[in-house]
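J.: If you're matching them up, the sequences are chains W and X in order. FYI, numbering that gives the first Met the number 0 numbers position 145 of the first sequence as 144, with every residue one higher than the one before it. FYI, numbering that gives the first Met the number 0 numbers position 47 of the second sequence as 46, with every residue one higher than the one before it. Sharing a structure below in structure tokens format, with a few things to ask.
Protein chains: 2
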Amino acid sequence: MKSYSIGQIADMFDLPISTLRYYDKEGLFPELHRSGNRRLFTEREIDALRVIECLKASGLEIRDIKQFMQWCSEGPSTYAQRKQLFEDRRDAVLKEMEQLRKTLDLLQYKCWYYETALTDGHEDRIQSMLPDGLPANIQKLYDNAFKE
Amino acid sequence: MKSYSIGQIADMFDLPISTLRYYDKEGLFPELHRSGNRRLFTEREIDALRVIECLKASGLEIRDIKQFMQWCSEGPSTYAQRKQLFEDRRDAVLKEMEQLRKTLDLLQYKCWYYETALTDGHEDRIQSMLPDGLPANIQKLYDNAFKE
DNA sequence: CCTTGACCTAAAGTCAGGTTTAGGTTGTAT
DNA sequence: ATACAACCTAAACCTGACTTTAGGTCAAGG
Chain W
0 MKSYSIGQIA DMFDLPISTL RYYDKEGLFP ELHRSGNRRL FTEREIDALR
50 VIECLKASGL EIRDIKQFMQ WCSEGPSTYA QRKQLFEDRR DAVLKEMEQL
100 RKTLDLLQYK CWYYETALTD GHEDRIQSML PDGLPANIQK LYDNAFKE
Chain X
0 MKSYSIGQIA DMFDLPISTL RYYDKEGLFP ELHRSGNRRL FTEREIDALR
50 VIECLKASGL EIRDIKQFMQ WCSEGPSTYA QRKQLFEDRR DAVLKEMEQL
100 RKTLDLLQYK CWYYETALTD GHEDRIQSML PDGLPANIQK LYDNAFKE
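Set out below in structure tokens:
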């Protein structure tokens, strides 16, 4: 089976070699083999890295990613846990996206605010519109950002 | 003008008092006054905290939030920089949302994967569908996640 | 008076997620 | 045979964002 050196994988994923060694030390590649003392990455580890990047992007910590990788090497008996993990991450990402949407609304409001301030040379006119006399589209951004 | 103690603000924003003191030490409230040696928070600092939470959620570091707060206390001459900052954060958040959308697609694919594996009792049938013989809706998730 | 609660400071500690350093091995090209 | 690139380890170091600790001030209530 085809295998790759740590340097090749680093190039493939645009990661520092030190990060790959750190991941290995943290147990993220429980099945990684060696030739002599050199790591041999295979399609298995490449798949693992894709999942690692996904789980990291979802906000999961290294120690929990390790847990997942261990489940993977324990076979079918852990399907239920693995499914649960991905459902939890999906829910966490949906929540994070909702939070970002609110953040975005406030940022867009602020973009409008400073564009207006720049045109006017002061904030007086805008301040006099607050908190609920803004142009309708802008008012919506402002309200959304603080809603809940 | 109405003012609040650090404890009242902590309750208001559901933040530890130590965090508020840390923010102050880092220069996030450049105009904060005191009575004796006690901090007096006003509407100004409450607004500041709302912006701090937004900028933090957008991924900005404390030192850059400090810069923004200093611009705010320098008056109209910094409107352009402040506007640019919010435009940059808006773009950063849009990028992050796009990244999260891809992450979500892979997570949903994995949810399907393990649901199927759990039903089948093994991964063999799924593996034989890879990389492009998945059900159409699932194939789309899988493709989106790795698309550039 | 003295205790209690809410505040204060400076400095040290914590935690995640790496990165850097120092020193060593191995395989190939000149 | 030697130089060089690419790999290895253990351990120390780094950064950001807090949190904890230790010790102190101060006003109000019993």
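C-beta atoms are modelled at their ideal positions from N, C-alpha and C, and glycine is treated no differently.
Under 8 Å between beta-carbons, which chain W residues line up against I141 of chain X? List them in chain order, please.
T.: As a first step, residue 141 of chain X must be located in the second sequence, where it is residue number 142. Checking the displayed sequence, the identity of residue 141 of chain X turns out to be Tyr instead of Ile. Those within 8 Å of Y141 of chain X in chain W number zero; the least Cβ separation is about 11 Å.
J.: Taking S57 of chain X as the query, report the chain W residues whose CB atoms sit under 7 Å from its CB, ordered along the chain.
T.: Here residue 57 of chain X corresponds to residue number 58 of the second sequence, with the count starting at 1. By Cβ distance, chain W contributes T102 and L106.
J.: Are the segment 79-96 of chain X and the segment 99-112 of chain W touching, with three or more C-beta to C-beta distances below 8 Å?
T.: yes
J.: Which residue's Cα is closest to the Cα of K1 of chain X: X:F40, X:S17 and X:I125?
T.: Here residue 1 of chain X is taken as the residue at index 2 of the second sequence, counted from 1. For K1 of chain X, the nearest C-alpha among the options comes from X:F40.
J.: F28 of chain W by DSSP, collapsed to three states: which one?
T.: As a position in the first sequence, residue 28 of chain W is number 29, starting the count at 1. Coil.
J.: Looking at the structure shown, is L129 of chain X part of a helix, part of a strand, or coil, going by DSSP?
T.: Sequence index remark: in the second sequence, residue 129 of chain X carries index 130 (1-based). Looking at L129 of chain X - three-state DSSP - the assignment turns out to be coil, as it is neither helix nor strand.
J.: Please identify the residue among X:D90, X:W111, X:R124 and X:K139 whose C-alpha is closest to the C-alpha of Q83 of chain W.
T.: In the first sequence, counting from the first residue as 1, residue 83 of chain W sits at position 84. It is X:W111 whose Cα lies nearest to the Cα of Q83 of chain W.
J.: State yes or no: is the C-beta of L19 of chain W within less than 9 Å of the C-beta of R38 of chain W?
T.: Position 20 of the first sequence holds residue 19 of chain W. Position 39 of the first sequence holds residue 38 of chain W. The beta carbons of L19 of chain W and R38 of chain W sit closer together than 9 Å.
J.: Taking the alpha-carbon of E44 of chain X as reference, which of X:S76, X:M68 and X:P75 has the nearest alpha-carbon?
T.: By one-based count along the second sequence, residue 44 of chain X stands at place 45. Considering only alpha carbons, the answer is X:M68.
J.: Just verifying my parser: in three-state terms, what is the DSSP assignment at S76 of chain X?
T.: For the purposes of this step, residue 76 of chain X is taken as the residue at position 77 of the second sequence. Helix, per DSSP.
J.: Is the separation between the beta-carbon of L106 of chain X and that of S57 of chain W shorter than 9 Å?
T.: One-based indexing of the second sequence puts residue 106 of chain X at position 107. One-based indexing of the first sequence puts residue 57 of chain W at position 58. Annotated as proximal: L106 of chain X and S57 of chain W, with beta-carbon spacing under 9 Å.
J.: Check this for me: beta carbons of P29 of chain W and S72 of chain W, under 9 Å apart or not?
T.: Residue 29 of chain W sits at position 30 when you count from the first residue of the first sequence. Residue 72 of chain W sits at position 73 when you count from the first residue of the first sequence. Contact flag set, yes.
J.: When the Cα atoms are used, what is the spatial distance from R81 of chain W to R124 of chain W?
T.: Residue numbering aside, residue 81 of chain W sits at position 82 when the first sequence is read from its first letter. Residue numbering aside, residue 124 of chain W sits at position 125 when the first sequence is read from its first letter. Spanning the two alpha carbons is a distance of roughly 55 Å.
J.: In or out: E118 of chain X buried (at least 16 other Cβ within 10 Å) or exposed?
T.: Taking the first residue of the second sequence as position 1, residue 118 of chain X is located at position 119. What sits at residue 118 of chain X in the sequence shown is Thr, not Glu. Burial call: exposed.
J.: Alpha carbons only, please: which of W:I64, W:S34, W:L59 and W:D10 is nearest the one belonging to K24 of chain W?
T.: Indexing the first sequence from 1 puts residue 24 of chain W at position 25. The residue among W:I64, W:S34, W:L59 and W:D10 with its C-alpha nearest the C-alpha of K24 of chain W is W:I64.
J.: Distance check for V50 of chain X and R88 of chain X, CA to CA, integer angstroms please.
T.: Stepping through the second sequence from its first residue, residue 88 of chain X is reached at position 89. Stepping through the second sequence from its first residue, residue 50 of chain X is reached at position 51. Distance between the alpha carbons of R88 of chain X and V50 of chain X: 12 Å.
J.: Could you tell me which of X:T77, X:P130, X:N36 and X:Y21 sits nearest to L48 of chain X, measuring between CA atoms?
T.: Locating residue 48 of chain X in the second sequence gives position 49, counting from the first residue. Checked all of X:T77, X:P130, X:N36 and X:Y21; the closest Cα to L48 of chain X is X:Y21.
J.: Please state whether DSSP places L39 of chain W in a helix, a strand or coil.
T.: Within the first sequence, the letter at position 40 stands for residue 39 of chain W. It is a strand residue.
J.: Contact check, K109 of chain X vs F85 of chain W under 8 Å by CB: the rounded distance?
T.: By 1-based counting over the second sequence, the position of residue 109 of chain X is 110. By 1-based counting over the first sequence, the position of residue 85 of chain W is 86. Confirmed, Cβ separation roughly 4 Å.
J.: Using the beta-carbon count (16 or more within 10 Å), is L27 of chain W buried or exposed?
T.: For the purposes of this step, residue 27 of chain W is taken as the residue at position 28 of the first sequence. Burial call: buried.
J.: Listed from N- to C-terminal order along the chain, which residues in the segment 53-87 of chain W have their beta-carbon within a distance smaller than 8 Å of any beta-carbon of chain X?
T.: C53, A56, S57, P75, Y78, A79, R81, K82, F85 and E86
J.: Going by the beta-carbon positions, is the gap between E122 of chain X and P130 of chain W smaller than 9 Å?
T.: In the second sequence, counting from the first residue as 1, residue 122 of chain X sits at position 123. In the first sequence, counting from the first residue as 1, residue 130 of chain W sits at position 131. Result no, Cβ atoms of E122 of chain X and P130 of chain W do not sit closer than 9 Å.
J.: For A9 of chain X, collect the residues of the same chain with a Cβ closer than 7 Å to its Cβ; drop the 5 residues on either side in sequence, then sort them by chain order.
T.: For this step, residue 9 of chain X is matched to residue 10 along the second sequence. Closer than 7 Å at the Cβ level, and outside the excluded window around A9 of chain X, lie P15, I16 and L19.
J.: Using a Cβ-Cβ cut-off of 9 Å, state whether K109 of chain W counts as contacting chain X.
T.: Here the question's residue 109 of chain W lines up with position 110 in the first sequence. Cβ-Cβ to chain X under 9 Å: yes for K109 of chain W.
J.: Taking L10 of chain X as part of the alpha helix (DSSP H), name the residues at either end of that continuous run.
T.: Position 11 of the second sequence, counted from the start, is the residue given in the question as residue 10 of chain X. The residue you asked about is not Leu; residue 10 of chain X is Asp in the sequence shown. Per DSSP, D10 of chain X belongs to the alpha helix (DSSP H) from I5 to F12.
J.: Kindly indicate if chain X contains any beta-carbon less than 9 Å away from that of Q126 of chain W.
T.: Working through the first sequence from its first residue, we reach residue 126 of chain W at position 127. No, no contact with chain X.
J.: Which residues of chain W have a Cβ atom closer than 7 Å to the Cβ of L129 of chain X, listed in chain order?
T.: Locating residue 129 of chain X in the second sequence gives position 130, where the first residue counts as 1. Going along chain W, no residue has its Cβ under 7 Å from L129 of chain X, so there is no contact; the nearest lies around 10 Å.
J.: Measuring alpha carbon to alpha carbon, tell me which residue in W:L54, W:I5 and W:K55 is nearest H32 of chain W.
T.: Translated into the one-based positions of the first sequence, residue 32 of chain W becomes position 33. Selected option, being the one with the closest Cα: W:I5.
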